[in-house]
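Step one of this worksheet: look at the structure below.
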Amino acid sequence: MRVLVAGSHGQVGQHLVRLLAAAGHEARAMVRTGSQAPTMEGLGGVPVLADLEGDPSPAAEGCDAIIFTAGGGPGSGDARKETVDRQGALKLIEAAKGYGG
């Protein structure tokens, strides 16, 4: 399976990327910056550059599943939590629908 992991650079996301890759799946690790890519590659993931505050839908193209572990992060205010946690999840749900999910 090709699985997109949103929030792949976080603790839970990194565990998922490693486990998915070890099980033979293509773990597409969504990262916000290119500097996060080597970490994902080291875990066996395929880095995909996308941002939940923008349009993350291209990252979902061709995926069989999407796992959402993203979050605004420690110390985030309500606005960022709304943008990343809620709106980011909704954007990926719509992307999955658009790609036949």
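For the sequence shown, position 73 (counting from the first letter as 1) is numbered 73 according to UniProt numbering, and the numbering increases by one without interruption.
Backbone N, C-alpha and C fix where the C-beta goes; we use that ideal spot for every residue, glycine too.
Check, Outcome
"Cβ-based neighbour list, Gly-13, same chain, cut-off 7 Å, excluding 5 preceding and 5 following", "Val-5, Gly-7 and Thr-69"
"Under the three-state DSSP convention, the category Met-1 falls into", "coil"
"Alpha carbon of Ser-76 to alpha carbon of Met-30, nearest angstrom", "20 Å"
"Best match in Lys-81, Gly-42 and Gly-88 for proximity to Ala-59 [C-alpha to C-alpha]", "Gly-88"
"Residue range of the alpha helix (DSSP H) that includes Asp-38", "Sequence inspection shows Pro at residue 38; the Asp mentioned does not correspond to that position. Pro-38 -> alpha helix (DSSP H) spans 37-42."
"Buried or exposed by the 16-neighbour rule on C-beta atoms within 10 Å, applied to Leu-49", "exposed"
"Residue interval of the alpha helix (DSSP H) (run including Glu-94)", "88-98"
"For Ala-27 and residue 173, the rounded distance between their alpha carbons", "Because the chain here runs from 1 to 101, residue 173 falls outside it and cannot be looked at."
"Limits of the unbroken alpha helix (DSSP H) element including Leu-19", "11-22"
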